[in-house]
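*Asks:* Have a look at the structure that comes next, please.
Numbering (my numbering), first residue to last: 6 to 450.
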C-alpha cells in the first residue's frame, strides 16, 4: 500500500503515488531546464503525456504509478539527450532513432488540420497525411465538386464528421507520420508559434472577408429560395383542385409536396451554411443538420423525379380522354386570304392542315370540371378572317396568371396563356388561304 496525492497534467486531474509524483516533477523540470522549453511547449508535452497515460489505461482521475512515469520517460526520451538548442546529440553526424521512435514514425493518423484549413481542415489534413501540397488537394476537391454533380459535398461533410481534429502538436506530428518525442514536440511547437505570429493577422483578415462574403451570398440565396418556395407552394396548391378530371392529379400533388420538402431543406441548408460562414465555426450540431438537410433534399429530388415520370405517363392519356372536338360554322370564305387571331384573344391557338376539301374548322378543347366549352367567334373584314374566343368559366385566368389556373395545351402540357393553350381551332383547306400571314399558325400536314 502506497501513499497517493493529487496533481494534474494539461488540466487533467490524476491521483498519483508520492514517489511517482516526485519522479514526474523532476522529469518535467529537467525538460524545461535542458530544452529551455516555452510554456506552450510544456503544455504540448503534458498533453502528450496524458495521451500516453491513456494508452496505458490511466484515464482522468486514475492513479499514476512509478512504473507509468518510467514508461513515459522511455517513450518520450531523456532530456539529457538534447542539447540546449533542441538538437539531439549526434554520433558520426547521424541521428540515432530508438526502435520505439521508428515504430511511432511509421504510424500515421488521418486527422483534420483546422489551423491550416479553410473549411473544416479536411483537405489540409489529407495533404499532411499523404505528404502532398494542400493546393493540389483543394484543386482536386473543387474538380470533384463538378464531376460528381455535388455528391462530393456529401463526402466532404462525412469526412468532416468522422475524421478527428488535430488539436495538439502530438496530433499534428502523428498526422504527418513523424515520431512524437521531446525534440520533435519542441521543434514543432516552436515552429508553429513562429508561423502563427507571422500569418495570424493576415490569415484572420482573409478568413473574415471570405466568411462574410460567403455568408452574405448564402443569405441572399436563402431569401430567394424562400420566396420561390412560398410563391410556388401557394400557386401549386391553388391549381390542384382544378385537376379533378385528371388521373395524374395525385402524382402532381406528390410532385408538389416533394418540391416543397426539397425547398425547405434547401432553405435550411443555405441558412446553416450562412451561419457557419459568418461565425467561422463548424459545430458538430450544425454539420449534422446540414448533412440531414442534404439527405432530405436528395430524397425529395428523387421522389420528385418519380412523381414526374408518373405525371408524364398519365398526362397524354388524360389529354386524349378529355379532349372534345366540335365542328364550327364558318362565314363565307370566298376571297379570304388570311386568318388571324384577335389581339385580345387569350388561351387560343390556331392550327392549319392542308386539305383539298372546302375550308372547314373544328374546335378542340378540354372538357374540364367546372369549365364550359369556349365560345369561338369569327369576324370577317375584307380578305381577313379574325378569330376570337370567349371563356365563361375561367375568369381567374383572364389576366394570364400562370399560378391561377392549370390548363392543357396542344403540345406543351399544362399552361395558362402563352403560345399553346387549351382552346385550339383547326382549319382544313387549301394552303393558299394563309399566304397573307402564317405567323400565328401551327402548320400540320
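From the three backbone atoms N, C-alpha and C, an ideal C-beta is built for every residue, glycine too.
Suppose you measure from the CA of residue 238 to the CA of residue 279; what does that come to, to the nearest Å?
*Replies:* Their Cα atoms are separated by approximately 24 Å.
*Asks:* Tell me which same chain residues have a C-beta within less than 8 Å of the C-beta of residue 161, skipping the five on either side of it?
*Replies:* 125, 127 and 146
*Asks:* For a minimum of 4 consecutive residues, which ranges assigned as the alpha helix (DSSP H) are wholly contained in the region 8-71?
*Replies:* 23-40 and 44-60
*Asks:* Kindly indicate which three-state DSSP category residue 333 falls into: helix, strand or coil?
*Replies:* strand
*Asks:* Taking 8 Å as the limit between beta carbons, can you name the residues of its chain near residue 180, skipping five residues before and five after?
*Replies:* 113, 114, 115, 116, 118, 130, 133, 134 and 171
*Asks:* Look up residue 432 in the DSSP assignment and say whether it is helix, strand or coil.
*Replies:* strand
*Asks:* May I ask which residues mark the beginning and end of the beta strand (DSSP E) holding residue 356?
*Replies:* Run containing residue 356: 353-359, per the beta strand (DSSP E) assignment.
*Asks:* Which of helix, strand or coil does DSSP assign to residue 257?
*Replies:* Three-state DSSP puts residue 257 in a helix.
*Asks:* Per DSSP, which residues does residue 366 bridge with? Please list them.
*Replies:* Residue 366 is bridged by DSSP to 333 and 432.
*Asks:* Quick one: what's got a C-beta closer than 8 Å to residue 108's C-beta in the same chain, skipping five residues either side?
*Replies:* Only weak support is given to the placement of residue 108: the predicted model assigns it a pLDDT of 44, under 50, and the question is left unresolved by the model.
*Asks:* Less than 8 Å separating the beta-carbons of residue 368 and residue 333?
*Replies:* yes
*Asks:* Taking 6 Å as the limit between beta carbons, can you name the residues of its chain near residue 379, skipping five residues before and five after?
*Replies:* 370, 394, 396 and 428
*Asks:* Would the region 260-275 count as touching the region 291-311 if we require 3 or more Cβ pairs under 8 Å?
*Replies:* Result yes; three or more Cβ-Cβ pairs closer than 8 Å.
*Asks:* Considering only residues of the same chain and omitting the five flanking positions on each side of residue 64, which have a CB-CB separation below 7 Å?
*Replies:* Cβ within range, chain order: n/a, list empty.
*Asks:* Along the chain, which unbroken stretches of the alpha helix (DSSP H) at least 4 residues long are found entirely within the region 245-326?
*Replies:* 254-284
*Asks:* Who are residue 395's beta bridge partners in DSSP?
*Replies:* 380
*Asks:* Could you check whether residue 182 and residue 282 sit closer than 8 Å to each other, using their CB atoms as the reference points?
*Replies:* no
*Asks:* Cβ atoms of residue 327 and residue 250: under 8 Å apart, would you say?
*Replies:* yes
*Asks:* Taking 8 Å as the limit between beta carbons, can you name the residues of its chain near residue 199, skipping five residues before and five after?
*Replies:* Note that residue 199 scores 48 on pLDDT, short of 50, meaning its location in the model is unreliable; the coordinates nonetheless yield the value given after this. Excluding positions up to five away in sequence, the list is empty.
*Asks:* Looking only at its chain, what residues have a beta carbon closer than 6 Å to the beta carbon of residue 335, apart from the 5 residues adjacent to it on each side?
*Replies:* 366
*Asks:* Alpha carbon to alpha carbon, what distance is there between residue 37 and residue 214?
*Replies:* Their backbone Cα atoms lie some 40 Å apart in a straight line.
*Asks:* Taking just the CA atoms, how far does residue 346 sit from residue 387?
*Replies:* 15 Å
*Asks:* How about residue 385 and residue 430: are their beta carbons less than 8 Å apart?
*Replies:* The Cβ atoms of residue 385 and residue 430 lie no closer than 8 Å to each other.
*Asks:* If contacts are defined as beta-carbon pairs under 8 Å, then residue 70 and residue 22 qualify, I think. What distance do you get, rounded to the angstrom?
*Replies:* Confirmed, Cβ separation roughly 6 Å.
*Asks:* Could you tell me the alpha carbon to alpha carbon distance between residue 309 and residue 259, rounded to whole angstroms?
*Replies:* 7 Å
*Asks:* Among 289, 61, 66 and 139, whose alpha-carbon lies nearest the alpha-carbon of residue 14?
*Replies:* Per the Cα distances, 66.
*Asks:* How big is the Cα-Cα spacing for residue 261 and residue 225?
*Replies:* Answer to the nearest angstrom: the Cα atoms are 24 Å apart.
*Asks:* Cutting at 8 Å between CB atoms, please list the residues of its own chain near residue 68, excluding the five before and the five after it.
*Replies:* 9, 19, 20, 21 and 22
*Asks:* Are the CB atoms of residue 157 and residue 149 within a distance shorter than 8 Å?
*Replies:* yes
*Asks:* Who are the Cβ neighbours of residue 142 in its own chain at under 7 Å, not counting the five residues just before and after it?
*Replies:* 128, 131 and 132
*Asks:* In the DSSP assignment, what are the bridge partners of residue 344?
*Replies:* 390, per the DSSP bridge assignment.
*Asks:* Taking residue 35 as the reference, which of 78, 73 and 61 has the closest Cα?
*Replies:* 78
*Asks:* Checking 8 Å against the spacing of the C-beta atoms, do residue 323 and residue 252 come in under that value?
*Replies:* yes
*Asks:* Determine the direct distance from the alpha carbon of residue 176 to that of residue 120, and round the result to whole angstroms.
*Replies:* 12 Å
*Asks:* Given a cut-off of 8 Å, decide if residue 236 and residue 248 are closer than it, judged by their beta-carbon atoms.
*Replies:* no
*Asks:* For the alpha helix (DSSP H) that residue 137 lies in, which residues bound it at each end?
*Replies:* Careful: residue 137 lies outside any alpha helix (DSSP H) and carries neither H nor E.
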